[in-house]
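Here is the structure we will look at.
Residue numbers (our numbering): 5 to 340.
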């Protein structure tokens, strides 16, 4: 990724975390300093890593391992500006979540938000694509808690998800926790996911219908997609690679098609930025590999398979060429 580029998030998303820290008599100024956030940063956008770090430091200082979930449960969607206003005006829960998904880049870059339906189950999946932003447990739980609260606004307070999956290895959230989702919780998952009945998507969300919702939401989504297209091609390729590796084809032609250009055009655009597709692919693979190698119990076979290598030995060779150490050596050095 170009060294001048950093994933971003709307600074207004910090409003509720800041309020929560102050309400709990925490030192928001010191937490902000530790996260690298200055008072003048609180307009427009801030680095996504700074937001994530703020939530991690707040959880630690307040000794609240469920800080993120607590903040998400009272998060005011008005913090998201126009997008938040129209999410609340959506006619159904499904329309609200679809708008959230499609316009998410307006609020937060370099992240994945998916809403998929398979039979009677719906899955709402979230993750930050940049694996270098870690730890990020509080951000993940805060975000899922926002969606959890939005669903409850349509279903009523007694609703429980079928499953909550988290990418981190442990959490204060569990099925017996009164403050959490009150459902089975799965850890060390590929991403952060809420699973619930797909029938809920048809539930009404707003008390009265807004005739301007459809045209306004289409305009919001167009703006979000335009903001994604304005990023350097190198950044856009990295986003696609990090989204696709381990899930679907990440061959150069597929990436080019996803970006709306030919393979040849993509190669030329990358050359204009001093990059090559093969170099970006190798870098993304190694970022994911290093994160997976730090997870307890992760097997080399599973890692190499997710990264698309034909066999473990091919993964080991590539890792040694890129990092100057074997995967096993990297593990030992990191745990020393």
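By construction, the Cβ of each residue, glycine as well, lies at the ideal position given by its N, Cα and C atoms.
- For residue 158 against residue 204, the beta-carbon gap comes to about 7 Å, under 8 Å, which counts as contact.
- The C-alpha of residue 116 is placed about 14 Å away from the C-alpha of residue 151.
- Burial check for residue 142: the Cβ neighbour count within 10 Å reaches 16 or more, so the residue is buried.
- Burial check for residue 185: the Cβ neighbour count within 10 Å reaches 16 or more, so the residue is buried.
- Under DSSP, residue 131 takes part in a beta bridge, and its partners are 116.
- From the listed residues 86, 65, 221, the smallest Cα separation to residue 29 is found for 65.
- Under the three-pair Cβ rule at 8 Å, the stretch 68–81 does not count as touching the stretch 164–171.
- Inter-residue distance for residue 311 and residue 337 is about 22 Å (C-alpha atoms, whole angstroms).
- Here residue 198 carries a strand assignment [DSSP, helix/strand/coil].
- Listed in chain order, the alpha helix (DSSP H) elements of length 4 or more contained wholly in the stretch 43–123 are 52–66, 71–77, 86–92, 97–107.
- Taking 8 Å as the upper bound for CB-CB distance, residue 253 and residue 109 are not in contact here, some 22 Å apart.
- Contact annotation: residue 79 and residue 195 have beta-carbon atoms that are not nearer than 8 Å.
- Following the DSSP letters along the chain, one finds residue 13 inside the beta strand (DSSP E) bounded by residues 12–14.
- Cβ-Cβ distances below 6 Å link residue 72 to 59, 142, 145, 146 in the same chain, with the five nearest sequence neighbours on each side left out; the list follows chain order.
- Residue 125 is bridged by DSSP to 122, 201.
- For the pair residue 307 and residue 249, the CB atoms are not nearer than the 8 Å cut-off.
- A Cβ-Cβ contact shorter than 8 Å links residue 49 with residue 12.
- Boundaries of the beta strand (DSSP E) harbouring residue 168: 167–169, taken from the DSSP string.
- Rounded to whole angstroms, residue 47 and residue 15 show a C-alpha spacing of 6 Å.
- Contiguous alpha helix (DSSP H) elements confined to the stretch 194–256 occur at 217–233, 237–248, taking only those with 4 or more residues.
- Going by DSSP, residue 335 is part of the alpha helix (DSSP H) stretching over 331–339.
- Sixteen is the threshold: when 16 or more other Cβ atoms of the shown chains lie within 10 Å of the Cβ of residue 53, as they do, the residue is buried.
- The three-state reading of DSSP puts residue 279 in coil, since its state is none of H, G, I, E or B.
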